[in-house]
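**Q** Below: one structure in structure tokens.
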Amino acid sequence: MKVFVLGGSGFVGGHLIRRLSAAGHDITVGTRYAQDARHLRIVPRTTISQCDPHDLESLTQALEGHDVAINLVGILNERGFGGKGFRRVHVDLVERLVIACEAAKVGRLLQMSSLNAGQGESHYLKSRGAAESLIRTAVDSGQLQATIFQPSTIFGPDDSFVNRFAGLLKISPVLPLARPNARFSPVYVGDVAEAFVRDLEDPDSNGKTYTLCGAEVWSLKELVEWVRDQLGLRRLIIGLPDFLGRLQGLVFDLVPGKPFSSDNFKSLKIDSVSTDNGLLDLGIQPWGLSQLAPTWLESGHRQARYQKYRRLARRGDREEP
Ligand SMILES: NC(=O)c1ccc[n+]([C@@H]2O[C@H](COP(=O)([O-])OP(=O)(O)OC[C@H]3O[C@@H](n4cnc5c(N)ncnc54)[C@H](OP(=O)(O)O)[C@@H]3O)[C@@H](O)[C@H]2O)c1
10 MKVFVLGGSG FVGGHLIRRL SAAGHDITVG TRYAQDARHL RIVPRTTISQ
60 CDPHDLESLT QALEGHDVAI NLVGILNERG FGGKGFRRVH VDLVERLVIA
110 CEAAKVGRLL QMSSLNAGQG ESHYLKSRGA AESLIRTAVD SGQLQATIFQ
160 PSTIFGPDDS FVNRFAGLLK ISPVLPLARP NARFSPVYVG DVAEAFVRDL
210 EDPDSNGKTY TLCGAEVWSL KELVEWVRDQ LGLRRLIIGL PDFLGRLQGL
260 VFDLVPGKPF SSDNFKSLKI DSVSTDNGLL DLGIQPWGLS QLAPTWLESG
310 HRQARYQKYR RLARRGDREE P
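Residue 10 is where the sequence shown starts when you use our numbering, and the numbers rise one by one after that.
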């Protein structure tokens with residue numbers, strides 16, 4: 010199949026494009042900045058196409074000649090406040106994508122959404138839900154065939170979830186944690202990529218929604234403590250009561266790049282877990298975080314220790330390992 014992957018230059022895109030290529034598909038990575046996707050040029054049967062997903066004409070042109078579109082575009086935080094940024098990237102873009110698919114005669118869309126889409130108070134989840142509604146309306150009217158994927162947090166060697174906590178733990182003796190009891194079912198990025206590929210090969214997938222969860226459920230605090238122990242660090246992890254967690258979100262709202270935000274705090278109010286797991290429906294046995302992550306956490310830990318000893322050796326210092 011000729012598959013167009015929008016937002017494919019990121020974390021999930023890298024894994025999905027390699028898996029699609031291995032399955033024999035021809036892939037076009039649609040990206041705003043071709044140079045950000047250059048690491049994918051070496052993947053067989055993969056082409057990089059620079060396009061503007063916020064412009065109907067550019068998007069339609071880029072989609073022409075493809076059988077399927079996959080939308081991986083998403084943001085965890087908007088630049089401003091009030092939800093406008095989330096609506097632009099999650100809702101307006103999907104509305105345009107549906108029109109562009111029809112114009113370019115691309116009959117099928119695989120949409121990456123999120124577990125709990127449409128629930129709660131966060132603009133992130135609300136905008137995800139609004140995008141899903143748009144797609145379901147297009148499916149019901151026969152305008153498009155579509156499948157929706159709702160993952161919990163996705164982990165992998167190059168993720169920005171486990172690695173972010175690992176990075177923070179390395180530099181800070183104390184880690185204050187908002188919503189420490191929030192629960193997740195982290196799903197392995199390889200399982201997510203496999204779900205998309207299996208769905209592509211399923212002729213009856215139109216209109217389906219798959220939740221994607223890992224084999225384990227963790228509270229946020231358990232998870233961060235586990236990462237700390239894997240890294241062999243001695244750090245204090247403090248679960249914040251909600252009034253302090255909310256305050257932490259408000260403070261980080263003002264930090265450039267928003268490493269955490271009041272909208273993230275609101276998303277964390279709903280557990281990212283599910284009683285049914287679409288991976289099983291797709292015949293995929295999910296991995297758990299504790300089964301896979303030690304390999305890359307341990308190698309990162311070893312590399313960091315090695316670099317530290319090299320630095321010390323250069324300075325002529327000595328330290329017992
Ligand atoms: N990672 C997770 O834990 C997780 C969990 C649940 C759902 N998801 C969803 O899964 C999808 C892929 O996640 P990921 O971790 O791979 O994310 P990612 O690495 O941040 O990649 C997302 C892609 O979205 C595009 N993008 C970002 N801002 C944009 C904007 N303002 N306008 C247009 N495009 C924009 C970028 O594409 P270009 O720069 O190439 O244009 C980027 O490559 C996202 O929709 C995400 O919300 C992820």
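Ideal Cβ positions, reconstructed from N, Cα and C, are used throughout, including at glycine. Keep in mind that this is a model prediction, so the values were computed, not measured.
Could you tell me whether any non-hydrogen atom of ligand 1 is closer than 7 Å to the CB of R105?
**A** No, ligand 1 has no heavy atom inside 7 Å of this Cβ.
**Q** Quick one: is V260 buried, meaning 16 or more other Cβ sit within 10 Å of its Cβ, or exposed?
**A** Exposed: under 16 other Cβ atoms inside 10 Å.
**Q** Taking K135 as part of the alpha helix (DSSP H), name the residues at either end of that continuous run.
**A** Note, K135: alpha helix (DSSP H), 132 to 149.
**Q** Where DSSP assigns a beta bridge to V38, which residues make up the other side?
**A** In the DSSP output, where bridge partners are listed per residue, V38 has V14, I57.
**Q** What residue ranges within the region 216 to 268 form continuous beta strand (DSSP E) runs of no fewer than 3 residues, ordered along the chain?
**A** Those beta strand (DSSP E) runs which fall completely within the region 216 to 268 and span 3+ residues are 218 to 221, 245 to 248.
**Q** Considering just the uninterrupted stretch of the beta strand (DSSP E) at Q154, what are its terminal residues?
**A** Counting along the chain, the beta strand (DSSP E) containing Q154 begins and ends at 154 to 160.
**Q** Under 7 Å: does the beta carbon of V264 sit that close to some heavy atom of ligand 1?
**A** Result no, Cβ not under 7 Å from ligand 1.
**Q** Going straight from the alpha carbon of E329 to that of G241, what length do you get?
**A** Confidence in E329 is poor, its pLDDT being 34 and thus under 50, which makes the residue's placement unreliable; the coordinate value appears in the next sentence. Distance between the alpha carbons of E329 and G241: 15 Å.
**Q** According to the Cβ coordinates, are L249 and L306 closer than 8 Å?
**A** No, Cβ-Cβ distance for L249 and L306 is not below 8 Å.
**Q** Less than 7 Å separating the Cβ of R255 from some heavy atom of ligand 1?
**A** No - ligand 1 has no heavy atom lying nearer than 7 Å to the Cβ of R255.
**Q** Tell me whether V98 counts as near ligand 1, meaning its Cβ is closer than 7 Å to at least one heavy atom of that ligand.
**A** Checking the Cβ of V98 against ligand 1 gives yes.
**Q** Comparing the CB of T40 with every heavy atom of ligand 1, is any distance shorter than 7 Å?
**A** Because some heavy atom of ligand 1 lies under 7 Å away, the Cβ of T40 counts as near it: yes.
**Q** By a C-beta neighbour count over all protein chains shown, 10 Å radius and 16 as the cutoff for buried, is F90 buried or exposed?
**A** That one is exposed.
**Q** With a CB to CB cut of under 6 Å and the five nearest residues on each side skipped, what residues in its chain are close to R28?
**A** A202, V206.
**Q** Can you tell which of G39, A32, G33 has the C-alpha that lies nearest to the C-alpha of S18?
**A** Looking at the Cα atoms, G39 is the closest of the given residues.
**Q** In whole angstroms, what is the alpha-carbon distance linking L106 and R243?
**A** Each residue's alpha carbon lies about 48 Å from the other.
**Q** Return the residue from the list V14, Q239, T304 that minimises the CA-CA distance to Q120.
**A** Minimum Cα distance to Q120 is reached at V14.
**Q** With DSSP as the reference, label A78 as helix, strand or coil.
**A** Note: A78 maps to strand in three-state DSSP.
**Q** Out of curiosity, what's the CA-to-CA distance linking V171 and D45?
**A** Going from the Cα of V171 to the Cα of D45 covers about 22 Å.
**Q** Heavy atom of ligand 1 less than 7 Å from the Cβ of E139, yes or no?
**A** Contrary to the premise, residue 139 reads as Ala rather than Glu in this sequence. A139: no, Cβ never under 7 Å from ligand 1.
**Q** Using 8 Å as the threshold, is the C-beta distance between F164 and P189 below it?
**A** Cβ distance not < 8 Å, so F164 and P189 don't count as in contact.
**Q** Taking L221 as the reference, give the member of S58, N125, R88 with the closest Cα.
**A** Among S58, N125, R88, the Cα nearest to that of L221 is on N125.
**Q** Am I right that V226 and R192 are in contact with their C-beta atoms under 8 Å? What's the rounded C-beta distance?
**A** Correct: roughly 6 Å between the Cβ atoms.
**Q** Less than 8 Å separating the beta-carbons of S281 and R255?
**A** It is not a contact, given that the beta carbons lie outside the stated cut-off.
**Q** Taking its Cβ as the centre, do 16 or more other Cβ atoms sit within 10 Å of I26, making it buried, or is it exposed?
**A** Per the 10 Å Cβ criterion, buried.
**Q** In terms of residues, what are the limits of the beta strand (DSSP E) holding V183?
**A** Unbroken beta strand (DSSP E) run through V183: 183 to 186.
**Q** Figure out for me which residue from D167, R88, D208, L49 has the closest Cα to the Cα of G292.
**A** Residue D208 is the option with its Cα nearest to G292.
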